[in-house]
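Counting from -18, one number per residue, gives the positions in the sequence shown under my numbering.
No residue lacks a Cβ here, since even glycine has one placed at the ideal position from N, Cα and C.
First up is the structure itself, then whatever we jot down about it.
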Amino acid sequence: MSLLSAPMSNGEFISAYSKPRNLGFLTAAGNEGVQDKNSIRACVYQTVTLTGGKEVQIRLLEPCGRGKR
-18 MSLLSAPMSN
-8 GEFISAYSKP
2 RNLGFLTAAG
12 NEGVQDKNSI
22 RACVYQTVTL
32 TGGKEVQIRL
42 LEPCGRGKR
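Listed below in structure tokens is the structure:
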């Protein structure tokens, strides 16, 4: 028994891989498909126990900037 997928015929391969893919993919040539969003990817910088009014440090996981105003 194998967990590998069964071999594809040439026709199945061409049909599966000739469809458009990676529509929002970022390339060295530019960042086509990037849209405005209202969130920022971040993670908690270090483990802390939060109590009332205490702040937590976060680490940004992507570049961000404010909108044009």
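Cβ-based neighbour list, residue 29, same chain, cut-off 7 Å, excluding 5 preceding and 5 following
What you label residue 29 is simply residue 48 of the sequence shown in a count that begins at 1. Within the same chain, residue 29 has close Cβ partners 37.
Straight-line CA distance for residue 35 to residue 27?
Numbered from its first residue, the sequence shown carries residue 35 at position 54. Numbered from its first residue, the sequence shown carries residue 27 at position 46. Roughly 14 Å between the two C-alpha positions.
Excluding the 5 residues flanking residue 41 on each side, which residues of the same chain have their C-beta closer than 8 Å to its C-beta?
Counting from one through the sequence shown, the residue named residue 41 turns up at place 60. 21, 22, 23, listed in sequence order.
Per the DSSP calculation, residue 41 is bridged to which residue(s)?
The residue you call residue 41 lines up with position 60 of the sequence shown. For residue 41, which the question treats as bridged, DSSP gives the partners 23.
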